[in-house]
Amino acid sequence: MLIDPNPPSKVRANVVVANTDDFYTIFDIQAGDAMYIAPKNRISLW
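Going by the UniProt record's numbering, the sequence shown opens with residue 1, and the numbers climb by one from there.
Below is the structure:
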(Lines of atoms letter the chains of each structure in order from A; the text may use other names.)
(Lines give C-alpha, C1' and ligand atoms only; values in the text may rest on other atoms or scores of the structure.)
Protein backbone atom coordinates (compact mmCIF):
# COMPACT_ATOMS: atom_id res chain seq x y z
CA MET A 1 0.00 0.00 0.00
CA LEU A 2 3.00 2.28 0.12
CA ILE A 3 3.16 2.33 -3.68
CA ASP A 4 -0.44 1.65 -4.76
CA PRO A 5 -3.12 3.76 -3.01
CA ASN A 6 -5.75 1.06 -3.63
CA PRO A 7 -6.18 -1.69 -1.05
CA PRO A 8 -5.52 -5.28 -2.19
CA SER A 9 -8.38 -6.95 -4.08
CA LYS A 10 -9.17 -9.28 -1.18
CA VAL A 11 -9.75 -6.31 1.10
CA ARG A 12 -11.77 -4.35 -1.46
CA ALA A 13 -14.18 -7.25 -1.92
CA ASN A 14 -14.35 -8.98 1.46
CA VAL A 15 -14.42 -6.00 3.79
CA VAL A 16 -17.29 -4.37 1.93
CA VAL A 17 -19.57 -7.42 2.11
CA ALA A 18 -18.51 -8.26 5.67
CA ASN A 19 -19.96 -4.91 6.75
CA THR A 20 -23.35 -5.65 5.14
CA ASP A 21 -25.99 -7.24 7.39
CA ASP A 22 -27.55 -9.20 4.50
CA PHE A 23 -24.23 -11.00 3.97
CA TYR A 24 -24.60 -12.68 7.37
CA THR A 25 -28.13 -13.84 6.63
CA ILE A 26 -27.53 -15.05 3.08
CA PHE A 27 -24.33 -16.97 3.82
CA ASP A 28 -25.18 -17.93 7.44
CA ILE A 29 -22.04 -16.27 8.81
CA GLN A 30 -21.71 -16.80 12.57
CA ALA A 31 -19.45 -15.48 15.33
CA GLY A 32 -16.16 -17.33 15.04
CA ASP A 33 -16.22 -17.46 11.23
CA ALA A 34 -13.21 -15.87 9.53
CA MET A 35 -15.18 -13.01 7.95
CA TYR A 36 -17.41 -12.30 10.97
CA ILE A 37 -17.50 -8.72 12.23
CA ALA A 38 -19.55 -8.02 15.35
CA PRO A 39 -22.57 -5.78 14.59
CA LYS A 40 -21.24 -2.98 16.82
CA ASN A 41 -18.00 -2.95 14.77
CA ARG A 42 -19.61 -2.91 11.31
CA ILE A 43 -19.44 0.28 9.32
CA SER A 44 -22.73 1.96 8.48
CA LEU A 45 -23.05 4.87 6.09
CA TRP A 46 -26.68 5.70 6.77
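Think of the CB as a built atom: it goes at the ideal place given N, C-alpha and C, for glycine as much as any other residue.
Being a predicted model, the structure only gives us computed values, none of them experimental.
Taking the CB atoms as reference points, tell me whether Asn14 and Met35 lie closer together than 9 Å.
Asn14 places its beta carbon less than 9 Å from that of Met35.
Ordered list of alpha helix (DSSP H) runs contained in the region 1-42, each at least 4 residues
Counting only runs of 4 or more, we get 9-18, 21-26.
Whole angstroms are fine: how far does the CA of Arg42 sit from the CA of Asp28?
Rounded to whole angstroms, Asp28 to Arg42 spans 16 Å at the Cα level.
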